[in-house]
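Here's the structure we're looking at; comments come further down.
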Amino acid sequence: MDCEHAVFDCKPLHLIPSVVIPPEQRPRMADFAMLGEAIARVQGYTEGHFLSLYTDHRRAAIGRTIDASPVAAAMVDYVDRGNRYSGTVKGLLEVLTEHKPDHERDEYWPRSPKGLADAMRRYSPALRQMGIKARVDNARRKDGIHCELAKHMMDYSCQPQVPGNEVHQVHQVHPVPKPDPQTAEICPQCSGSGCPLCWDSPDDDGSQEEI
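Put into structure tokens, the structure is as follows:
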């Protein structure tokens with residue numbers, strides 16, 4: 024697709040109102056997806072061609088993000104084996120550590136429950152798009168911070184209607200505030216596919232904060 028020249032053509036802009044993406048199929052940056060669909064149609068491609076390419080690209084990017092993190096990959100493998108966990112973060116760390124062979128754990132493997140909790144929050148957006156729920160409670164209970172790791176029945180290519188996912192007129196521009204990467208539900212810079220904003224730092228510094 025020759026998007027570089029087609030984007031300056033007025034034909035795609037005229038086609039945008041006719042581009043319809045069902046709400047349940049809208050990816051992040053829905054405006055961009057609609058413009059890409061319009062450009063693709065002007066160039067003679069079939070309906071849905073650009074959206075398919077865009078979804079495949081995001082899937083590959085998220086896969087690379089998960090593969091680059093031993094603990095994120097361990098969480099995916101644990102759930103893919105049919106397991107689910109609900110309990111303390113400390114307990115989950117013990118389960119994942121026992122589940123993952125020593126030679127597959129490196130210096131970025133969390134060394135404390137705090138490190139695992141931070142990793143779960145950091146990779147939660149990417150895991151969610153792979154159909155996995157990784158949730159960490161904010162409040163501490165008597166036995167520590169609780170978490171949940173389980174299958175989340177949601178189509179990979181779909182996103183809930185959250186701020187930034189809605190479709191606007193093409194001339195509208197909305198500033199996006201920079202969030203705290205540890206608490207943001209979905210990273211506005213990479214949409215959960217992984218970037219320095221949401222996964223640049225190591226899992227933890229080895230401190231043994233009780234969690």
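Using this note's numbering, the first residue of the sequence shown is number 24, and each one after it goes up by one. By construction, the Cβ of each residue, glycine as well, lies at the ideal position given by its N, Cα and C atoms.
For residue i, does the three-state DSSP call read helix, strand or coil?
i, result
"residue 168", "strand"
"residue 191", "Residue confidence is low: residue 191 scores 45 on pLDDT, short of 50, so the model does not pin down where it sits. No coordinate-derived value is stated."
"residue 105", "coil"
"residue 163", "strand"
"residue 67", "coil"
"residue 93", "helix"
"residue 51", "coil"
"residue 99", "helix"
"residue 44", "coil"
"residue 135", "coil"
"residue 37", "helix"
"residue 9", "There is simply no residue 9 to check, as the chain begins at 24 and stops at 234 in what is shown."
"residue 230", "The pLDDT assigned to residue 230 is 43, lower than 50, so where the model puts this residue is not dependable, and the model offers no usable value."
So, is the C-beta of residue i closer than 8 angstroms to a C-beta in chain C?
i, result
"residue 60", "Here there is only one protein chain, and chain C is not present."
Less than 8 angstroms between the beta carbons of residue i and residue j, yes or no?
i, j, result
"residue 17", "residue 61", "One cannot answer for residue 17 here, as it falls past the ends of the chain, which runs 24 to 234."
"residue 151", "residue 175", "yes"
"residue 118", "residue 140", "no"
"residue 116", "residue 136", "yes"
"residue 173", "residue 65", "no"
"residue 96", "residue 89", "yes"
"residue 162", "residue 98", "no"
"residue 52", "residue 42", "no"
Return the residue from the list the options that minimises the CA-CA distance to residue i.
i, options, result
"residue 82", "149, 70, 105", "149"
"residue 132", "91, 68, 110, 168", "91"
"residue 54", "69, 35, 68, 104", "35"
"residue 44", "166, 37, 71", "71"
"residue 155", "166, 130, 68, 171", "171"
"residue 153", "87, 68, 59", "87"
"residue 168", "50, 114, 100, 41", "114"
"residue 110", "74, 46, 166", "166"
"residue 159", "134, 108, 120", "108"
By DSSP's criteria, residue i is part of a beta bridge. Which residues make up the other side?
i, result
"residue 156", "173"
"residue 111", "169"
Quick one: any contact between the segment 64–80 and the segment 132–150, if contact means 3 or more CB pairs under 8 angstroms? no
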